[in-house]
Amino acid sequence: MRNIFRGFGAVFYKEALHVRRDAGTLFFSLTMPLLQMFLLGYGVDTNIRQINTVVYNADGRRESRELIDRLKNSDTFHIFSYVQNDHDLNDLIISGKTRVGIKIPVDYSDRLLHNMSAQVLVLIDGSDSSVAGQAINVTTAIGLDESLRRVLKDRADFAVDMRPKLLFNPDSRSPNFFLPGLTAIMLLNVTTFLTAFSIVREKERGTLEQLFVTPVRPYGLLLGKLLPYLGIGFFELCLILTFMRFLFRVPIHGSVFLLALLALPYLFAALSLGILISSKANSQAEAMQLAFLPILPSVFFSGYIFPRETMPAIFKPISYMIPATYFINITRGVILRGATIKHLWTDGLALVVIGTVLLIIAARRFQNKVIMA
Amino acid sequence: MARTLQSNGEVAISAEHLVRRFGSFTAVNDVSFHVEKGEIFGFLGPNGSGKTTVIKMLTGLLPLSGGQAHVEGLDVRTDSESVRERIGYMSQNFSLYYDLTVAENLQFYGRIYSLEPARLRRRIDEIVELNGLEPYLNRLAAQLSGGWKQRLALGCAMLHEPKLLFLDEPTAGIDPVARRQLWDLLFELSGHGITFFVTTHYMDEAERCSHVAYIYYGKLIADGTPNSLRELPDVQPHGTKRVEITTPEVTRALRFARQIPGIRSATIFGQSIHALIDDHCNLDDLREQLLKHDIAVGEIRPLAPSLEDVFVELTYKHQALLEAARA
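Top line first, the protein sequences correspond to chains A and B.
Mapping the first sequence onto this note's numbering, position 33 (from 1) lands on 33, and the numbers just tick up by one.
Mapping the second sequence onto this note's numbering, position 260 (from 1) lands on 260, and the numbers just tick up by one.
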């Protein structure tokens with residue numbers, strides 16, 4: 001019986017036994033992602049609201065108070081305090097208690113009444129660019145709107161009326177944005193760690209060396225190790241989707257079946273990565289460190305948190321090598337945009353290619369190197 | 001190199017000029033030996049001298065840097081898969097799955113060798129019977145004592161009925177009873193025509209082997225039956241003899257013995273001293289000399305060199321050769 005998958009059945013069965021015996025690890029690795037999900041689902045909101053703002057109203061008359069009310073009503077600003085001089089205004093921003101300082105000059109109302117341009121100073125703490133961006137946009141819009149209303153007193157309609165409409169996530173709910181992406185990251189964590197550990201454990205124990213003295217073939221061994229964890233990854237996916245749909249109320253617009261189907265090549269790629277890691281690491285501690293390596297680029301370059309569009313050009317090619325990039329597009333595509341196989345088959349294909357390449361590299365390393373360790 | 005083995009039977013292992021380098025370090029340096037079928041071949045040497053490396057080369061775990069090796073008539077470089085089907089290997093740390101039961105370990109290794117279900121069942125029954133594993137079948141391997149772990153590991157290595165078994169330090173860290181039982185088992189199996197390649201640190205185990213070789217930092221410096229090695233001229237230099245002196249005061253006796261002319265070397269062995277003395281040295285004179293120092297002497301009798309003596313002498317000689325070469 002000379003086939004390159006020799007020993008697959010035996011290894012698969014044994015691995016399933018290991019998983020069953022070590023229920024603690026399994027439980028831990030399945031619940032950790034759920035914990036992350038709770039933190040991100042309940043604890044993080046990317047919509048910027050209620051920015052702490054300090055106001056120095058040197059004018060104090062009706063027009064200036066109306067402006068402050070408009071800022072408050074935008075829901076973007078929360079008036080933290082009123083101050084009476086420039087020094088206090090600056091101080092509150094430097095201390096970090098407020099992010100935005102608004103100074104209305106003493107002649108604000110006078111200039112408006114005389115149809116002159118009135119200036120309002122808006123100081124913004126630029127250290128958090130998303131907060132700063134939102135503050136700039138909203139204050140500029142309010143200023144523009146205020147100006148137009150004064151100019152167009154008698155005409156009701158604007159010449160050009162932009163009507164933006166948010167597709168797919170109309171309420172801009174953060175869980176809708178985060179959780180589909182988080183699915184990809186969590187699956188990567190669990191499966192990479194579990195496979196890497198299962199192999200490195202055998203290295204430490206010496207059983208891997210024993211297996212290499214038997215007629216088991218590298219592909220039989222690796223696939224036998226990989227498939228049980230593919231099963232676990234798949235179960236994890238179902239768990240995550242259930243929580244996402246019914247607890248966090250993220251609507252799934254596309255086909256769950258398609259999502260499950262496309263998860264297979266992703267899990268395959270993640271598991272192959274785990275095997276590759278284990279071919280390098282000789283101890284569980286080393287495997288732990290190495291397994292963290294792919295996590296960072298997967299978080300930062302895959303579009304999970306930061307949009308890939310704004311990425312510097314040199315990082316673009318990296319993002320194409322990361323399996324999470326494709327799977328995040330798949331999860332967001334299916335869950336939020338109702339995408340079908342027609343839209344996503346290229347992502348699926350990319351994952352198959354990445355997974356195969358990783359597995360071949362890993363198998364070769366096992367054939368040549370691990371043996372000597 | 002001392003080589004005194006007569007080859008007449010069938011060869012199980014033939015190693016010709018084996019070399020293994022790791023970078024600039026030569027772990028195995030031009031090692032040649034033959035193991036005949038049915039032999040218990042004891043492979044000895046200090047830690048780090050290359051014993052395990054040689055096993056790994058013969059089992060196909062490590063590629064050869066030079067030389068050639070045939071196992072059961074197959075070239076290990078080109079036919080390693082067929083070699084692996086025919087051999088069993090038990091590593092130093094008993095490669096068992098501790099979170100699987102005894103029965104599960106046996107089943108797993110049986111399946112790895114693709115034994116038919118019926119044959120697997122029969123073999124497991126036989127192995128369990130042979131090793132007395134019956135009471136422990138459903139126990140986790142982790143819960144077994146060292147001796148039982150070793151029996152299970154041996155059982156796993158023989159499921160597929162290999163004709164040649166490599167045992168790397170099979171008795172390291174197990175109790176004396178288990179050690180004795182293992183050797184009894186090896187003799188029984190050897191009687192059925194199975195060849196054993198055994199590495200060990202224990203000299204008493206070496207004495208039990210039908211064929212021993214000694215590797216010293218990559219070089220094979222002895223190869224032969226225990227008796228043929230004892231008679232080597234390097235071990236028993238011309239004009240000398242070995243005697244055993246029994247005395248209750250070994251440490252004091254040793255101190256004086258070393259000063260007596262005619263005694264070339266002396267070492268303590270329990271309640272006696274083993275000494276290499278000049279042939280012309282009279283045993284009664286020796287006794288007189290010791291008595292003069294108030295040392296109670298029991299018996300003084302001629303002694304054949306132990307294997308330990310053999311390896312010590314050969315090591316000295318090898319070191320001297322190395323130093324001469326360096327100078």
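Each residue gets a CB set at the ideal place from its N, CA and C atoms; glycine is no exception.
Those residues which DSSP pairs with residue i across a bridge
i                      : result
residue 75 of chain B  : B/70
residue 205 of chain B : DSSP, once it has assigned bridges, lists no residue as partnering residue 205 of chain B.
residue 346 of chain B : Missing from the structure shown is residue 346 of chain B; chain B here goes from 1 to 327 and no further.
residue 57 of chain A  : A/104
residue 278 of chain B : B/240
residue 267 of chain B : B/274
residue 168 of chain B : B/199
residue 52 of chain A  : A/78
Nearest neighbour of residue i, chosen from the options [CA to CA]
i                      : options                    : result
residue 106 of chain B : B/122, B/91, B/93          : B/122
residue 34 of chain B  : B/15, B/49, B/19           : B/15
residue 222 of chain B : B/283, B/25, B/192, B/31   : B/31
residue 228 of chain A : A/124, A/14, A/249         : A/14
residue 125 of chain B : B/262, B/147, B/158, B/83  : B/158
residue 138 of chain B : B/41, B/251, B/103, B/110  : B/103
residue 263 of chain A : A/209, A/113, A/187, A/224 : A/187
residue 123 of chain A : A/191, A/98, A/360         : A/98
residue 237 of chain B : B/170, B/316, B/253, B/20  : B/316
residue 48 of chain B  : B/209, B/171, B/214, B/69  : B/214
residue 253 of chain A : A/176, A/95, A/22          : A/176
residue 49 of chain A  : A/62, A/76, A/68, A/35     : A/76
residue 184 of chain A : A/297, A/90, A/150         : A/297
residue 231 of chain B : B/75, B/313, B/77, B/147   : B/313
residue 41 of chain B  : B/145, B/247, B/305, B/194 : B/194
residue 181 of chain A : A/145, A/303, A/317, A/114 : A/303
residue 170 of chain B : B/164, B/87, B/182         : B/182
residue 57 of chain A  : A/45, A/121, A/36, A/20    : A/121
residue 90 of chain B  : A/211, A/316, A/246        : A/211
residue 174 of chain B : B/93, B/28, B/53           : B/93
residue 288 of chain A : A/191, A/68, A/80          : A/191
residue 278 of chain A : A/8, A/118, A/81, A/202    : A/202
Outcome for residue i when other beta-carbon atoms lying within 10 angstroms are tallied against a minimum of 16
i                      : result
residue 168 of chain B : buried
residue 235 of chain B : buried
residue 102 of chain A : buried
residue 71 of chain B  : buried
residue 215 of chain A : buried
residue 150 of chain B : buried
residue 322 of chain B : exposed
residue 320 of chain A : exposed
residue 164 of chain A : exposed
residue 50 of chain B  : buried
residue 162 of chain B : buried
residue 23 of chain A  : exposed
residue 218 of chain B : buried
8 Å Cβ cutoff, residue i in contact with chain A
i                      : result
residue 58 of chain B  : no
residue 122 of chain B : no
residue 91 of chain B  : yes
residue 104 of chain B : yes
residue 85 of chain B  : yes
residue 81 of chain B  : yes
residue 95 of chain B  : yes
residue 113 of chain B : yes
residue 108 of chain B : yes
C-beta neighbour in chain B for residue i, strict 8 Å
i                      : result
residue 233 of chain A : no
residue 210 of chain A : yes
residue 228 of chain A : no
residue 203 of chain A : no
residue 216 of chain A : yes
residue 379 of chain A : The structure shown does not extend to residue 379 of chain A, since chain A is modelled only from 1 to 373, so the question has no answer here.
residue 21 of chain A  : yes
residue 213 of chain A : yes
residue 206 of chain A : yes
residue 223 of chain A : no
residue 287 of chain A : no
residue 350 of chain A : no
residue 7 of chain A   : yes
residue 26 of chain A  : no
Inset, instruction - Check whether the stretch 190-197 of chain A touches the stretch 268-275 of chain A, taking contact to mean three or more Cβ pairs, one atom from each stretch, closer than 8 Å. - result: In short, these stretches touch, since the Cβ pair count reaches three.
Legend entry - Meets three-Cβ-pair contact criterion under 8 Å: the stretch 274-287 of chain B and the stretch 241-254 of chain B: Cβ pair count under 8 Å is three or more, so yes.
Inset, instruction - Decide yes or no for the touch test of the stretch 249-256 of chain B against the stretch 268-275 of chain B: beta carbon pairs closer than 8 Å, at least 3 of them. - result: yes
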